[in-house]
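Heads up: the sequence shown at position 31 corresponds to 31 in full-length UniProt numbering, and the numbers run straight through without jumps.
Data block below; observations after.
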Amino acid sequence: MSPAACSVPARPDAAGFKALMASMPQAVTVVTTLSPQGEPVGATLSSVMSLSLDPPMMVCAFDRGSATLACLPEGQPFLLHLLAEGQEALAYAFAGKGGAEKFAGTDWARGPLGLPRLANAAGVVACRVAARHSGGDHVLVTAEISAIDRPDDIHPLLYFRRALHPTRHLRTPA
Numbered sequence: 001m002s003p004a005a006c007s008v009p010a011r012p013d014a015a016g017f018k019a020l021m022a023s024m025p026q027a028v029t030v031v032t033t034l035s036p037q038g039e040p041v042g043a044t045l046s047s048v049m050s051l052s053l054d055p056p057m058m059v060c061a062f063d064r065g066s067a068t069l070a071c072l073p074e075g076q077p078f079l080l081h082l083l084a085e086g087q088e089a090l091a092y093a094f095a096g097k098g099g100a101e102k103f104a105g106t107d108w109a110r111g112p113l114g115l116p117r118l119a120n121a122a123g124v125v126a127c128r129v130a131a132r133h134s135g136g137d138h139v140l141v142t143a144e145i146s147a148i149d150r151p152d153d154i155h156p157l158l159y160f161r162r163a164l165h166p167t168r169h170l171r172t173p174a
């Protein structure tokens, strides 16, 4: 194959890049923590991934302007919630701007370390910020995992092609 056949544009256009990323199914997650004043804050994230098994770590990508990111200095604990089918309204509520008002009308309680824990999630991961790294218009937060709660009977929610989708119909390998 000639080098010309492998060439790609120096920089993809934003619309094409967004369309490609929309075609990558992602778990729908909400990060919650406390502000320096002790108020609950949270944000919906779709860019979350595992980083390490030993020690257990994750990476969460936050928009630079996120009010929740501003409350996550190194060492700060937070909870990562894997949202479940039926929590679509919660995903959209936490995707917006704002702080403690996102929790109004939401089923939550104080969980580990007094952090806001959302009810009925398909999984909850207790984390502590290990480091923050610049990534263009986002900041990557690496986090050490201290505990995991994953009920077997709750199905997660996926974000795919700019819409939320249930996973109940997906088959589990035998």
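All residues carry an ideal CB built from backbone N, CA and C; glycine is no exception.
So what's residue i in DSSP terms, helix, strand or just coil?
i	result
Gln119	It is Ala, not Gln, that sits at residue 119 in the sequence shown. In the structure shown, Ala119 sits in coil (DSSP, three-state: anything other than H, G, I, E or B).
Leu90	helix
Gly135	strand
Glu144	strand
Ala104	coil
Gly96	coil
Leu51	strand
So is residue i buried or exposed if we call it buried at 16+ other beta carbons inside 10 Å?
i	result
Met58	buried
Pro36	exposed
His169	exposed
His81	buried
Leu53	exposed
Lys102	buried
Arg117	buried
Tyr92	exposed
Our contact map puts residue i next to residue j with C-beta atoms below 8 Å; I'd like the distance itself, whole angstroms only.
i	j	result
Val124	Asp149	5 Å
Using a C-beta cutoff of 7 Å, does residue i count as contacting chain C?
i	result
Val129	No chain C is present in this structure, which holds just one protein chain.
Please determine if the region 35 to 54 and the region 65 to 80 are in contact, where contact requires at least 3 C-beta pairs separated by less than 8 Å.
-> yes
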